[in-house]
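Engineer: Input: one structure, supplied below.
Protein chains in written order, with full-length UniProt numbering: chain A, 1 to 370; chain B, 1 to 381.
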């Protein structure tokens with residue numbers, strides 16, 4: 001489901017007035033399977049291209065040669081992809097010494113040698129995007145093989161500016177890139193996460209303990225598990241300002257990537273967020289009115305008679321008329337005095353001992369004469 | 001008896017010119033010194049001047065609003081744009097009061113941000129006045145005051161209704177669905193600057209200096225208050241992003257500039273893109289420090305824990321509140337609030353309330369959470 005959401009979001013592009021959605025695909029060394037993050041990248045590429053004729057991709061290839069990518073795709077899709085070749089000659093060594101061959105390079109590969117100059121870079125990408133647009137593809141996605149390679153040639157703010165400009169451009173409908181988190185400082189990674197709308201990271205299924213202290217046999221079995229599976233964590237920034245967190249399991253079999261959903265993992269995020277909450281003891285207006293309307297058990301006679309609130313003194317005077325009810329030890333219900341209670345609420349008054357004076361049980365203030 | 005009564009009711013004899021705060025026991029000196037304050041500025045506790053932040057709830061929490069001559073910083077969350085809500089309300093409030101506004105943003109066209117500013121909610125005038133009159137009459141009925149004290153109470157209620165009018169003016173409710181009127185946006189005292197392509201902050205610094213000097217050029221005493229709003233000052237796409245120390249010295253100079261004039265500066269910055277030590281330095285430079293936090297969507301645990309989870313946009317946490325002329329720190333009884341939209345238009349801040357714990361489970365999430373919250377991020381609750 002996570003993968004489907006990502007592909008759909010990349011395919012749909014942006015709403016008018018918004019910047020294009022951008023996916024940041026991260027991997028890290030603790031998960032050996034993450035070295036196959038490139039497979040995930042290729043998988044995304046393939047799913048995007050296969051969804052229809054409208055989508056086209058401009059692929060900026062740093063890590064693998066363009067012919068590798070072309071060989072992956074079936075011929076039907078070769079027209080909907082344009083490659084910017086930053087792999088063959090990034091430092092312009094060949095072109096300085098030998099003039100470039102009057103190229104029999106295929107039509108859709110463009111060689112780029114001047115990687116330091118980012119405005120030129122940007123214009124080449126846009127040129128390719130316009131090309132594709134002219135061919136009738138209305139949605140152009142830009143895929144960058146790895147931003148890690150870009151950062152070798154240009155400083156961080158300019159790379160981020162390039163990505164932001166791509167997001168703002170009207171010809172580009174979505175954008176995704178791959179980054180290796182171990183090769184950069186944390187603030188670099190968080191800057192890329194800052195400008196992206198979706199963040200997908202590959203993490204190990206089993207967190208390996210410190211090798212020095214760990215039991216060797218235990219770690220080997222867990223290592224094996226890490227080689228076959230990985231956790232695919234996705235963080236989506238939604239339009240309503242909330243963050244959607246998803247977690248799936250990733251399996252790579254024979255070069256193909258499979259996603260499977262994992263039984264729900266309780267999000268750790270909630271625990272970090274718990275602030276000092278209180279119970280709401282204020283009453284809303286409706287609750288206040290309802291409270292005023294409630295008739296308490298001792299307030300009514302049970303059958304619609306007048307509300308008479310039990311008054312301690314009254315019961316004394318009435319019970320003096322029949323002293324026998326008080327002097328009897330044991331259960332004396334004081335029916336006369338308490339006849340203004342309903343059948344529901346009754347007070348059973350059990351005397352402690354017989355020789356207590358009747359007055360001492362009643363209202364102790366009765367002997368006050370005011 | 002009469003003198004005793006006189007003693008009690010003495011504290012307020014406000015002149016009709018000064019705008020005294022609604023607490024009636026303000027010192028007598030404040031009523032005599034202020035002649036007329038610039039629009040939108042109010043004198044609060046300890047003789048400090050406040051401007052409204054544009055959100056009435058936030059003004060109340062901070063004890064009056066944003067302190068004039070202070071720097072307010074808002075730590076952004078990379079996942080959500082809630083800091084823009086705070087900025088928008090702040091700028092709209094300034095424009096509505098006719099104050100000068102300087103805005104700097106990391107986009108190519110910062111002027112387009114002005115198009116998203118909300119306009120104030122228009123209250124019906126007749127209803128408001130009727131409400132005041134009937135209130136006074138109710139008060140007189142409910143409170144059976146001895147005749148010799150009535151003359152003092154009469155003044156108080158008059159002041160209250162007068163203050164209520166002023167309070168409405170000081171801080172307005174904004175309707176986030178309606179944009180601010182065009183003619184207000186075209187006035188001359190609104191400036192916009194882009195920080196995206198700048199390689200250093202000297203241009204922005206010069207702009208701030210000229211902005212502030214323009215404020216004091218108008219008549220010496222009654223100089224208008226000014227608002228400086230800087231969005232995402234350390235946004236990673238800005239050219240000066242790697243120059244940590246330059247950014248810190250810019251903030252220091254901005255503080256000095258603001259302290260010597262009638263301005264308030266609000267700076268938002270994404271704390272996650274700075275290194276820990278530099279981020280701490282930024283936080284220490286702030287007089288008032290707030291942070292916004294995104295909430296996860298469709299989180300069942302959080303929905304069970306908090307009431308009103310569906311309507312919440314995010315959390316606002318108050319880290320530091322500025323104090324002026326006082327050594328007493330401000331201690332809030334709750335520092336985290338949830339941002340909500342009331343009737344989908346105006347922003348309110350509410351305290352977080354725990355949902356009733358189910359009888360069967362009986363586990364209070366708060367207790368289990370507080371132990372693990374210590375491993376949370378810098379925004380430690």
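For each residue, glycine too, the CB sits at the ideal point set by N, CA and C.
Taking 9 Å as the CB-CB limit, is residue 105 of chain B close to chain A?
Structural biologist: Translated into the one-based positions of the second chain, residue 105 of chain B becomes position 105. Not an interface residue.
Engineer: DSSP three-state label for residue 258 of chain A, please.
Structural biologist: As a working note, residue 258 of chain A is residue 258 in the first chain. Three-state result, residue 258 of chain A: strand.
Engineer: Would you mind stating whether residue 302 of chain B and residue 82 of chain B have Cβ atoms separated by less than 9 Å?
Structural biologist: Translated into the one-based positions of the second chain, residue 302 of chain B becomes position 302. Translated into the one-based positions of the second chain, residue 82 of chain B becomes position 82. Not a contact, by the Cβ cut-off of 9 Å.
Engineer: Taking contact to mean at least 3 C-beta pairs separated by less than 8 Å, is the region 261-276 of chain B in contact with the region 65-74 of chain B?
Structural biologist: Yes, the region 261-276 of chain B is in contact with the region 65-74 of chain B.
Engineer: Over the uninterrupted beta strand (DSSP E) stretch that includes residue 382 of chain A, give me the two end residues.
Structural biologist: Residue 382 of chain A is absent from the structure shown; chain A starts at 1 and stops at 370.
Engineer: On the DSSP letters alone, give me the boundaries of the alpha helix (DSSP H) that residue 194 of chain A sits inside.
Structural biologist: Sequence index remark: in the first chain, residue 194 of chain A carries index 194 (1-based). Residue 194 of chain A -> alpha helix (DSSP H) spans 186-195.
Engineer: Just mark residue 286 of chain B as buried or exposed, buried being the case when its beta carbon has 16 or more other beta carbons within 10 Å.
Structural biologist: By 1-based counting over the second chain, the position of residue 286 of chain B is 286. Its Cβ being crowded by 16 or more others within 10 Å, residue 286 of chain B is buried.
Engineer: Can you name the residues of chain C whose CB is closer than 7 Å to the CB of residue 314 of chain B?
Structural biologist: This model lacks chain C altogether, as its protein chains are A and B.
Engineer: Should residue 336 of chain A be labelled buried (16 or more other beta-carbon atoms within 10 Å of its own) or exposed?
Structural biologist: Numbered from its first residue, the first chain carries residue 336 of chain A at position 336. Annotation note: pLDDT 43 at residue 336 of chain A (below 50); position unreliable, coordinate value reported separately. Counting Cβ neighbours within 10 Å, residue 336 of chain A comes out exposed, since fewer than 16 surround it.
Engineer: Can you pull the chain B neighbours of residue 148 of chain A, defined as C-beta to C-beta under 9 Å?
Structural biologist: The residue given as residue 148 of chain A occupies position 148 in the first chain. By Cβ distance, chain B contributes nothing, its closest Cβ being about 16 Å from residue 148 of chain A, past 9 Å.
Engineer: Which residues, in chain order, does the region 238-269 of chain B contribute to contact with chain A at a C-beta distance below 7 Å?
Structural biologist: Residues 238, 239, 241 and 242.
Engineer: My assumption, with CB atoms under 8 Å, is that residue 179 of chain A sits in contact with residue 159 of chain A. Please give the rounded CB distance.
Structural biologist: As a working note, residue 179 of chain A is residue 179 in the first chain. As a working note, residue 159 of chain A is residue 159 in the first chain. Incorrect: roughly 11 Å between the Cβ atoms, too far for contact.
Engineer: Using a Cβ-Cβ cut-off of less than 8 Å, list which residues of the region 267-299 of chain B approach chain A; keep chain order.
Structural biologist: Residues passing the 8 Å Cβ filter: 270, 272, 273, 274, 275, 293, 294, 295, 296, 297, 298 and 299.
Engineer: When the distance is taken between beta carbons, is residue 171 of chain B closer than 9 Å to residue 92 of chain B?
Structural biologist: Locating residue 92 of chain B in the second chain gives position 92, where the first residue counts as 1. Locating residue 171 of chain B in the second chain gives position 171, where the first residue counts as 1. No, the Cβ-Cβ distance between residue 92 of chain B and residue 171 of chain B is not below 9 Å.
Engineer: Short of 7 Å in beta carbon distance, which residues of its chain neighbour residue 164 of chain A, apart from the five on each side in sequence? Order them along the chain.
Structural biologist: To locate residue 164 of chain A, count along the first chain from 1; it is residue 164. Excluding sequence neighbours, residue 164 of chain A sits near 195.
Engineer: Please report the residue range of the beta strand (DSSP E) in which residue 195 of chain B lies.
Structural biologist: For the purposes of this step, residue 195 of chain B is identified with residue 195 of the second chain, where counting begins at 1. From DSSP, residue 195 of chain B is part of no beta strand (DSSP E); its letter is neither H nor E.
Engineer: Out of A:49, A:205, A:87 and A:95, state which residue places its alpha-carbon closest to the alpha-carbon of residue 76 of chain A.
Structural biologist: Looking up residue 76 of chain A in the first chain gives position 76. Looking at the Cα atoms, A:49 is the closest of the given residues.
Engineer: So residue 197 of chain A and residue 16 of chain A are in contact, right, with Cβ under 8 Å, and what is the actual spacing, rounded?
Structural biologist: One-based indexing of the first chain puts residue 197 of chain A at position 197. One-based indexing of the first chain puts residue 16 of chain A at position 16. Their Cβ separation, rounded to whole angstroms, is 16 Å, which puts residue 197 of chain A and residue 16 of chain A out of contact at 8 Å.
Engineer: Could you tell me if residue 254 of chain B is buried or exposed, where buried requires 16 or more neighbouring beta carbons within 10 angstroms of its beta carbon?
Structural biologist: Taking the second chain and counting its residues from 1, the one referred to as residue 254 of chain B is at position 254. Residue 254 of chain B should be labelled buried.
Engineer: Measuring CB atoms only, is the region 225-234 of chain B touching the region 100-118 of chain B, in the sense that at least three cross pairs come out at less than 8 Å?
Structural biologist: The region 225-234 of chain B vs the region 100-118 of chain B: in contact.
Engineer: Mark residue 289 of chain A as exposed unless 16 or more other C-beta atoms lie within 10 angstroms of its C-beta, in which case mark it buried.
Structural biologist: For the purposes of this step, residue 289 of chain A is taken as residue 289 along the first chain, with counting starting at 1. Burial call: exposed.
Engineer: Are there 16 or more other CB atoms within 10 angstroms of the CB of residue 294 of chain A, so buried, or fewer, so exposed?
Structural biologist: Here residue 294 of chain A corresponds to residue number 294 of the first chain, with the count starting at 1. Residue 294 of chain A should be labelled exposed.
Engineer: For residue 171 of chain A, which residues does DSSP report across the bridge?
Structural biologist: To locate residue 171 of chain A, count along the first chain from 1; it is residue 171. Answer is none; residue 171 of chain A lacks a bridge partner.
Engineer: Since residue 341 of chain B contacts residue 176 of chain B with CB under 8 Å, what's their CB separation in whole angstroms?
Structural biologist: Numbered from 1 along the second chain, position 341 holds the residue referred to as residue 341 of chain B. Numbered from 1 along the second chain, position 176 holds the residue referred to as residue 176 of chain B. Yes, residue 341 of chain B and residue 176 of chain B are in contact; Cβ-Cβ is about 7 Å, under 8 Å.
Engineer: Let me see if you follow: with CB-CB separation under 9 Å, is residue 252 of chain A close to chain B or not?
Structural biologist: By one-based count along the first chain, residue 252 of chain A stands at place 252. It does not: the Cβ of residue 252 of chain A has no partner Cβ on chain B nearer than 9 Å.
Engineer: In this structure, does DSSP put residue 40 of chain A in helix, strand or coil?
Structural biologist: As a position in the first chain, residue 40 of chain A is number 40, starting the count at 1. Three-state result, residue 40 of chain A: helix.
Engineer: Consider the Cβ of residue 79 of chain B: report whether some Cβ of chain A lies at a distance smaller than 9 Å.
Structural biologist: On the second chain, position 79 is the one that residue 79 of chain B refers to. Yes, because at least one Cβ of chain A sits closer than 9 Å to the Cβ of residue 79 of chain B.
Engineer: If you measure from the beta carbon of residue 164 of chain A to each beta carbon in chain B, is any gap under 9 Å?
Structural biologist: On the first chain, residue 164 of chain A is found 164 positions in, with the first residue counted as 1. Yes - at least one Cβ of chain B is within 9 Å of the one on residue 164 of chain A.
Engineer: Scan the region 193-207 of chain A for residues whose Cβ lies nearer than 8 Å to a Cβ of chain B and list them as they occur along the chain.
Structural biologist: Listed by position along the chain: 193, 194 and 195.
Engineer: Say whether chain B places a C-beta atom closer than 9 Å to the C-beta of residue 248 of chain A.
Structural biologist: Taking the first residue of the first chain as 1, we reach residue 248 of chain A at position 248. No, no contact with chain B.
Engineer: Can the beta-carbon of residue 250 of chain A be found less than 9 Å from the beta-carbon of residue 40 of chain A?
Structural biologist: Looking up residue 250 of chain A in the first chain gives position 250. Looking up residue 40 of chain A in the first chain gives position 40. Yes; because the gap between Cβ atoms is below 9 Å, this pair is in contact.
Engineer: I want to verify the contact list: residues of chain B whose CB lies under 7 Å from the CB of residue 245 of chain A, in sequence order.
Structural biologist: For this step, residue 245 of chain A is matched to residue 245 along the first chain. Going along chain B in sequence order, the residues near residue 245 of chain A (Cβ under 7 Å) are 296.
Engineer: When you compare each of B:193, B:109 and B:85 to residue 174 of chain B by their alpha carbons, which one comes out closest?
Structural biologist: If you number the second chain from 1, residue 174 of chain B lands on position 174. When each option's Cα is compared against that of residue 174 of chain B, the closest is B:85.
Engineer: If we call anything under 9 Å between Cβ atoms a contact, is residue 209 of chain B one with residue 257 of chain B?
Structural biologist: Taking the second chain and counting its residues from 1, the one referred to as residue 209 of chain B is at position 209. Taking the second chain and counting its residues from 1, the one referred to as residue 257 of chain B is at position 257. For residue 209 of chain B and residue 257 of chain B, yes; Cβs fall inside 9 Å.
Engineer: So which residues on chain A does residue 382 of chain B lean against when the C-beta distance must stay under 8 Å?
Structural biologist: In the structure displayed, chain B extends from 1 to 381; residue 382 of chain B sits before or after that span and is not available.
Engineer: Could you give the DSSP three-state label for residue 335 of chain A: helix, strand or coil?
Structural biologist: In the first chain, residue 335 of chain A corresponds to position 335, counting from 1. Model confidence at residue 335 of chain A stands at a pLDDT of 46, short of 50, so the residue's coordinates are unreliable; what they give is reported in the following sentence. Coil at residue 335 of chain A, not helix or strand.
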